[in-house]
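For what it's worth, our numbering labels the leading residue of the sequence shown as 62, then goes sequentially.
Note that the Cβ used here is the ideal one computed from N, Cα and C, for glycine as well.
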Amino acid sequence: MLQGHKIVGLLDNLDLTNDIEVDEPCLVHKGKYLEVFCQDHDQLCCSICFATKHRTCEKVEAIEEVASDLDEFSNQITPTCFKDFLKRLDHIRERYGKIAAHLQDKKQAIFSSTDTKVEEIKSLIDKAHNQWMKQFEQKHSDAIANIVIASDEVKRLAITVQEAKTILQRVIENGSTKQIFITRHKVRHQILDHVNRLCNLNIWDFVHNHNQPDTDFLRQVSENQKFQDVKALVIASTTIETVSEFAAELQRNNILLRREIMAKKDWMKVRFEKLSEVQLPSRVGYGLFVGDTKVLLSIEYPPSLEIYDVTNSIARCVRSYPCSSIPFGLCHSGESTNKVYVSFNTHVEHYLIDISKSISFKKIETIHLTSPMKAISRGAAVLFSRSDSTRMICSPDFSVKHNLKSYADGCRPLISASFHCDKFALIEGKKVVVVDQNNEEIYKRELPAVSPRGVAFDLEDNIFVCVKINKLRQINNWGVGDRYIELPGIEQSYNVVLHPAGEKILVLDYSKKFCVYKVV
């Protein structure tokens, strides 16, 4: 610690208080002491410092001379200025201490506040999480419960069908012809009643999947104070479609059986008894039976499909289904009456029409046409269609196989297919024309005295012709014995449609009306 300092003897205390002088060693050159002061550089120097660095400086004097020349009260450093500065430093340190204490207090306050806010956030997240879990659990439970209910209903239907199968099998093996007929009728209606009840249950839209698209829970809680609900992917079950197809097959078999019974009649001698009628707001050119007591009509303005109930003497509209464009021709897509093709000229819509209780339309498919088609009719293996200027033979997908120019009088082209083979009838001018599946004419009949419009084959392939009077013209399939049939309630017969079972007939009146008749 004392290295480089000069040591002097301590004679007494008084000598230490006056003119004490200690040789100051040079910090640069070991063993040398400070002797001169360079005022040019404000630096204390030893002899070596002077010789090496300050020899050329102008103001270099011995330290004793410089010290004796300075006034005691000139601008010199004094203990007083140190004292004042020390006080200021103390104040600074005191202020720093206060700042540090304030920061410490503030830190604790922020810690406390943050802890409180974090607890609030945790509480909010816990609350949102609990609510979300309860809601999701409830939705999931409801979805599972719905599936269980639907499964139980399908099981009950399976039991009904199994019992019907067992009973019918035993009766077929051991019963009389009469008993077999009665049993078939009973089990068919039993199954159809069960199917109708199932169709009216609102349980067939299932949750097929759970989806959680957004998992940014912190943002959700911050913005909405809750978690976003889990999305349920609901898809309509195909169960009802499957069941309805089976029911339609039963109905088809029933229709074929009833048609077989009706085909035994002598159709050139049948009569019509009016069952129902209604005045329409506008003229209608196309109609179709969709069931035994329902009639489907194409309405042009406003464009729509309307279903009328013909149970009572005055028919009533029970369902109106709006369309985006004008509907034209109608025909069944199979032997059942609940699946229908509807032509919109540029495309065909395929509908499943449920009339079991609450009438509904379900679009099955849209078929885009390569050629305009207004009138359509289904044969055994092909489809027949007609535009304003062309008659066409089409594949089941409505692609055109054969076409030929054909012009019709009247507002709308009309056409009808046979129940027995692939041939169809239409009107060209004053002639009834029958064409085969190759679009070749196989029959032609002139009707000069009337205005023929719509046509329909009966179950013996005789042809009903609307002639814009209060009667139908019936042309014998063998070319002889034509006759007129009175149409009570009709003024100008315009189009005619026979029920697939042959038991009823629909006649559309040019005078904005239709009548339904029983064939007897």
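- Per the C-alpha coordinates, the member of C118, L95, V581, V577 positioned closest to F350 is V577.
- Beta bridge pairing from DSSP links H393 with V401.
- Taking all protein chains shown into account, D519 has 16 or more neighbouring C-beta atoms within 10 Å of its C-beta and is therefore buried.
- Your pair R514 and Y555 checks out as a contact, with CB atoms roughly 5 Å apart and the cut at 8 Å.
- E338 is not a Cβ neighbour of I301, given a cutoff of 8 Å.
- Looking at the backbone, the Cα of W539 and that of S397 are separated by about 30 Å.
- Here K287 really is in contact with Q192; their C-beta atoms are around 6 Å apart, less than 8 Å.
- Scanning V580, Y362, H408 for the CA closest to the CA of P561 turns up V580.
- Under the DSSP assignment, R544 falls outside any alpha helix (DSSP H), being part of the beta strand (DSSP E) whose first and last residues are 544-547.
- For C106, the enclosing beta strand (DSSP E) has its first and last residue at 104-106.
- The three-state reading of DSSP puts P433 in strand, counting E and B together.
- Distance from the CA of D166 to the CA of L147, rounded to the nearest whole angstrom, comes to 28 Å.
- If you draw a 10 Å sphere on the C-beta of V179, you find fewer than 16 other C-beta atoms in it, and that means exposed.
- For N500, DSSP assigns no beta-bridge partner whatsoever.
- About 5 Å separates the Cβ atoms of E367 and S381, confirming a contact at the 8 Å cut-off.
- Within the same chain, and ignoring the five residues on either side of S477 in sequence, the residues whose Cβ sits closer than 7 Å to its Cβ are S438, F485, A486, V516, A517, F518.
- Straight-line spacing of the CA atoms in P509 and R473 works out to 20 Å.
- Here E564 is not near R313, since their CB atoms are 8 Å or more apart.
- Between E547 and R332, the alpha-carbon positions lie close to 8 Å from each other.
- A straight-line Cα-Cα distance of about 45 Å links V409 and R231.
- Here the stretch 319-329 makes contact with the stretch 519-528; the two share three or more CB pairs at distances below 8 Å.
- Our two residues, A123 and K159, have alpha carbons roughly 49 Å apart in a direct line.
- Going by C-alpha positions, D213 is about 23 Å away from A309.
- Inclusion of S359 and V371 in the CB contact set at 8 Å is not warranted, their separation being larger than that value.
- Taking 8 Å as the cut-off, the beta carbon of G440 is found closer than this to the beta carbon of D483.
- If one requires a minimum length of 3 residues, the beta strand (DSSP E) runs lying completely within the stretch 118-206 are 121-123, in chain order.
- DSSP, reduced to helix, strand and coil, places R245 within a helical segment of the structure shown.
- Bridge pairing for I454: F445, H463 [DSSP].
- Exclusion of the five residues before and after V248 leaves A225, I228, L229 as the residues of its chain whose Cβ lies within less than 7 Å of its Cβ.
- Judged by beta-carbon spacing, T407 lies within the 8 Å limit of L430, meaning their Cβ atoms are closer than that value.
- Rounded to whole angstroms, the gap between the alpha carbons of A204 and L465 is 56 Å.
- In terms of CA proximity to H271, E198 leads the group S479, E198, D570.
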